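Data first, discussion second: the structure below is written as structure tokens.
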């Protein structure tokens, strides 16, 4: 028996919004530590890694490890039927070929259940090596979303250059060029609003704007985002989900001209 | 393809 109940059901709605444009299907691996999902987009350029810890759920039971392959468009359709304040419960029997989503309104007056067929997915699971990153940048997630949106008007690629002075985002295209520089916040009153840079070595890497824009669909999950970069390795864009886990996106760089 | 690299260049295949 698998059962995971979340009073803050809107978290699951937001998680689906954050992955459904990048992935069409994925496997939710459940064990007694929680729910994990790792999947690459179709072009094998980016990867989503989601972790929801068991202790972040209001009720969590997983008697046997279970892997549930799901069509994410279908899951997103079902979760759209949940109210923002609903409690969401996912449950499945051992060896089941369906999963059931139960939505309960705050006053318990409306209870809905949606049963969905599971899929057998044979997806590639990549091993991600432990990496010490040369630069980590923490910044407001809404600011990062704004920068990605603004710069993608100028070109398909964005250069992210991190030095000890700050971080510069740049794009160049037919209409011209754009540069956005963010300095490290001098004094941190509200950590959520701060730009904080930890740098061992400066790093400059180029990434496809399209994927960065997909990642920013996770903005509503966290007020802050963390970018981790080292020369010639994939970028990590991490949104922490309060008290329950995180969603990390990895993006392979482009080779610079 | 415009210099885009793939994750399999960096991550370990099973």
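Protein chains in written order, with our numbering: chain L, -1 to 255; chain P, 1201 to 1214.
By construction, the Cβ of each residue, glycine as well, lies at the ideal position given by its N, Cα and C atoms.
Treat the numbers as computed from the prediction; the structure is a model and nothing was measured.
>> I need the straight-line Cα distance from residue 160 of chain L to residue 201 of chain L, nearest angstrom please.
In response: Answer to the nearest angstrom: the Cα atoms are 5 Å apart.
> Would you report the Cα separation of residue 87 of chain L and residue 23 of chain L, rounded to the nearest angstrom?
Replying inline: Their Cα atoms are separated by approximately 20 Å.
> Enumerated in chain order, which unbroken segments of the beta strand (DSSP E) with a length of 3 residues or greater are wholly contained in the segment 39 to 106 of chain L?
Replying inline: DSSP runs (the beta strand (DSSP E)) wholly in the segment 39 to 106 of chain L: 44 to 51, 57 to 60, 64 to 69, 85 to 90, 96 to 102.
> Can you tell which of L:120, L:26, L:209, L:235 has its C-alpha closest to the C-alpha of residue 19 of chain L?
Replying inline: Shortest Cα-Cα distance from residue 19 of chain L to any of L:120, L:26, L:209, L:235 involves L:209.
> Taking the DSSP output, what are the residues bridged to residue 111 of chain L?
Replying inline: L:100.
> Any idea what DSSP makes of residue 215 of chain L, helix, strand or coil?
Replying inline: Helix.
> Is the Cβ-Cβ distance between residue 156 of chain L and residue 79 of chain L less than 7 Å?
Replying inline: The answer is no: Cβ separation not under 7 Å.
> For residue 201 of chain L and chain P, any beta-carbon pair shorter than 7 Å?
Replying inline: Taking Cβ atoms only, chain P never reaches closer than 7 Å to residue 201 of chain L, which makes this a no.
>> Does the structure place the segment 213 to 225 of chain L close enough to the segment 138 to 156 of chain L that three or more beta carbon pairs sit under 8 Å?
In response: The segment 138 to 156 of chain L makes contact with the segment 213 to 225 of chain L: 3 or more CB pairs, one atom from each, lie closer than 8 Å.
> Does the beta-carbon distance from residue 1206 of chain P to residue 42 of chain L come in below 7 Å?
Replying inline: The answer is yes: Cβ separation under 7 Å.
>> Spatial neighbours of residue 28 of chain L within its chain, please: C-beta separation below 6 Å, excluding the five flanking residues on both sides.
In response: The beta carbon of residue 28 of chain L sits closer than 6 Å to those of 0, 60, 64, all from its chain and outside the five residues before and after it, given in chain order.
>> Give me, in chain order, the residues of the same chain whose beta-carbon lies closer than 7 Å to that of residue 54 of chain L; leave out the 5 immediate sequence neighbours on both sides.
In response: These residues qualify, in order along the chain: 241, 242, 243.
> Are there 16 or more other CB atoms within 10 angstroms of the CB of residue 181 of chain L, so buried, or fewer, so exposed?
Replying inline: So residue 181 of chain L counts as exposed.
> Are residue 220 of chain L and residue 134 of chain L close, meaning C-beta to C-beta below 7 Å?
Replying inline: In this structure, the beta-carbon distance from residue 220 of chain L to residue 134 of chain L does not fall below 7 Å.
>> Helix, strand or coil, according to DSSP, for residue 6 of chain L in the structure here?
In response: Looking at residue 6 of chain L - three-state DSSP - the assignment turns out to be coil, as it is neither helix nor strand.
> Can you tell me whether residue 185 of chain L is buried or exposed, with buried defined as 16 or more other CB within 10 angstroms of its CB?
Replying inline: Under this definition residue 185 of chain L is an exposed residue.
>> Here's the rule I'm using: 16 or more other beta-carbon atoms within 10 Å means buried, otherwise exposed. How should residue 246 of chain L be labelled?
In response: Result: buried.
> Tell me the DSSP bridge mates of residue 125 of chain L?
Replying inline: Beta-bridge pairing links residue 125 of chain L to P:1212.
> Taking all protein chains shown into account, do 16 or more other C-beta atoms lie within 10 angstroms of the C-beta of residue 37 of chain L, making it buried, or fewer, making it exposed?
Replying inline: Residue 37 of chain L is buried by the Cβ-count criterion.
>> Strictly under 7 Å for the Cβ-Cβ distance: is residue 250 of chain L near chain P by that measure?
In response: At least one chain P Cβ lies under 7 Å of residue 250 of chain L.
> Using a C-beta to C-beta distance shorter than 8 Å, which residues of chain P count as neighbours of residue 122 of chain L?
Replying inline: Chain P residues near residue 122 of chain L: 1213, 1214.
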